[in-house]
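Student: Quick note on my numbering: the sequence shown kicks off at 29 and runs consecutively.
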Amino acid sequence: MSLDAASILDAVVSHAAASGHFERVNGFEPTNAPGNGLTAAVWVQEIGPVRSGSGLSATTGRLVLNLRIYASAQQDPPDAIDPAMLAAVDALMSAYSGDFELGGNVRNVDLLGQAGVTFSVQAGYLPLDGATYRVYTLTIPLIVNDLWSQSP
Numbered sequence: 029m030s031l032d033a034a035s036i037l038d039a040v041v042s043h044a045a046a047s048g049h050f051e052r053v054n055g056f057e058p059t060n061a062p063g064n065g066l067t068a069a070v071w072v073q074e075i076g077p078v079r080s081g082s083g084l085s086a087t088t089g090r091l092v093l094n095l096r097i098y099a100s101a102q103q104d105p106p107d108a109i110d111p112a113m114l115a116a117v118d119a120l121m122s123a124y125s126g127d128f129e130l131g132g133n134v135r136n137v138d139l140l141g142q143a144g145v146t147f148s149v150q151a152g153y154l155p156l157d158g159a160t161y162r163v164y165t166l167t168i169p170l171i172v173n174d175l176w177s178q179s180p
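This is the structure in C-alpha cells:
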C-alpha cells in the first residue's frame, strides 16, 4: 500500500487542462508571476490519516490539494475578471464532483467534508513579481483507502 501521488495529481491537472479555461496548468505552486490569461496551478497542501475510514489493518488517508486560478488584476475590463474565473471554478467543481473517484485513483473527493475539510473555493488577491493577481483557490480534499498498513 502506498500513495500513488503522480496518478492522483495527473488526474486533477488533466481535469483542469481539459476544461478549456486555462492557457496553462502547472503541477506545482509557482514562485513567479504567471503569464496572460487564466493560469491554474495544483499542489499538495496537507496529508494525514482519516479516523472514520481506517480499520485495524490499514489506515485510510486524506490528501488535500490546492488548485489556484490566477488572473492579472490589471486587465480591462476589470468587471470581466470574476465572471471568467467563476466560469472556470464552476467547470472544475463540476468535473471533480462528477469524477469524484478521479478515475479510480482515490476513494472519493470529500465533497461535503466528512473527514474534516470541505471541497471549497476561496477568492482573494496575491502579489507576485510586483503585480497583483486575482486568485481563486480550490481546496480539494481526497480520501484514499488503505494508504498505510498497520502492524502490531
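Yeah, the Cβ is synthetic: ideal placement off N, Cα and C, and Gly gets one too.
Owing to the predicted nature of the structure, the values given are computational and were not obtained by experimental measurement.
Does DSSP put G144 in a helix, in a strand, or in coil?
Tutor: coil
Student: Taking 8 Å as the threshold, find out whether the region 128 to 144 comes into contact with the region 99 to 116 through three or more Cβ pairs.
Tutor: no
Student: Counting only runs of 3+ residues fully inside the region 42 to 86, write out the beta strand (DSSP E) ranges in chain order.
Tutor: 52 to 54, 67 to 78
Student: Measuring only the C-alpha atoms, how far is L139 from S122?
Tutor: 11 Å
Student: Which residues in the same chain as Y153 place their Cβ atom closer than 8 Å to its Cβ, once the five residues preceding and following it in sequence are excluded?
Tutor: A101, T160, Y161, R162, V163
Student: Using a 10 Å radius around the Cβ and a threshold of 16 neighbouring Cβ atoms, would you call G89 buried or exposed?
Tutor: buried
Student: In three-state terms, what does DSSP make of V134?
Tutor: V134 falls in the coil class under three-state DSSP.
Student: What whole-angstrom Cβ distance do N54 and A69 have, given they're in contact under 8 Å?
Tutor: 4 Å
Student: Taking Y124 and I168 to be in contact with their CB atoms under 8 Å, please state how far apart those CB atoms are, rounded to whole angstroms.
Tutor: Going by Cβ atoms, the distance from Y124 to I168 rounds to 6 Å, so yes, they are a contact pair.
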